[in-house]
Each structure stands twice: as structure tokens, then as C-alpha cells.
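A short worksheet on the structure shown next.
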Amino acid sequence: MLKPLVGVFPTDKRIAGIHSIPITDDGSLIMVWDKNEKNLTTVGGRIENNEDLESALDRETIEEAGLILKPYRMPIASWYWESTDTYTVFVLAKVKEYVEMPEGFETTGRVIMNIETARQIILKIEGEGLRKELLDIVETVYAQFVSLH
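Below, the structure written as C-alpha cells:
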């Protein structure tokens, strides 16, 4: 179940995954096309051994979207995985710069759009679900995030 967060990472369970919704200077958001799932998705993945949240997100963001994020990341939601008793956390972060995307990962690259376009694409492809709920949360906290950074 997706649970909104109020800018604070959960501490009651281990965080095993970290994802971001990068925001550009003009206010667009970035998602990626997952070539295996055939779906628009957030940028991120599992935290590898001895990696902290920041390092994992930085690595995943370069691998999947060819982006470097600014340091401030605002936690906005968590997904609880009952099977592993862990969380995946979703954050908003601003794009610092674009870099060359390495080959061989599960995405074809970044897709830049506004929130409403992302919502319509996701609803068309998969209907109601986690990603649509996540965009609803992004929309409610977006103005607060932009005003902070």
C-alpha cells in the first residue's frame, strides 16, 4: 500500500528501495520508460550492499535517466513490501544536470512532461494503481517542494 510521507523517511522498517520523481527547472517532471515492463515508471531501484539512500538514488538516476540530482530530496511516499518487511521510498528532487546515460539497463531513457500528461499516459497504459496514486501525491506536495528549493 502506498502511504504519503510528510518529508521524513520512515524509520520503523528497513528501506530496501529508493525512487525519485525528478523535477526540471521549468517545473516538468521526469519519468522513464521501462523496456521490460513496457510502462512509464519512476527513476530508481534497490539499494545495493553497503549503499546509503543518497548513493543508491544517485547511481540509479544516472543508470536509468542520465541525470544528476541536486542534494535536497523530499520524501513523499512509501510502499510497504509485506513479503520482505521493507519499504520502497519515493522522493521529489530537482535536476542538477543531464549526463550521458549508460547502456545495458532496463530503461530506454527519460520522458519529460507535466503531471497531467504523465497521469493520462499512466491511466491509458495501466489504469488506476500505484503510479497514478503517486502522481496524485506529487501534485499535492509539488508547490511546497518548489518553494523549498
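Per the UniProt record's numbering, residue 1 is the first one in the sequence shown, and the count goes up by one each step. For each residue, glycine too, the CB sits at the ideal point set by N, CA and C.
Going by beta-carbon coordinates alone, are residue i and residue j separated by less than 8 Å?
i	j	result
residue 13	residue 85	yes
residue 138	residue 115	yes
residue 4	residue 87	no
residue 56	residue 62	no
residue 32	residue 107	yes
Using 8 Å for Cβ pairs, my map puts residue i next to residue j. What's the rounded Cβ distance?
i	j	result
residue 40	residue 118	7 Å
residue 20	residue 93	5 Å
Which same chain residues, not among the five before or five after residue i, have their C-beta less than 8 Å away from its C-beta?
i	result
residue 95	22, 23, 24, 25, 30, 67, 68, 69 and 70
Which first and last residues belong to the alpha helix (DSSP H) in which residue i is found?
i	result
residue 138	130–148
Could you tell me which residues DSSP puts in a beta bridge with residue i?
i	result
residue 90	19 and 77
residue 31	111
residue 98	67
Would you kindly report the start and end of the unbroken beta strand (DSSP E) that includes residue i?
i	result
residue 53	Looking at the DSSP string, residue 53 is not in any beta strand (DSSP E); the run it does join, the alpha helix (DSSP H), is 53–65.
residue 41	39–41
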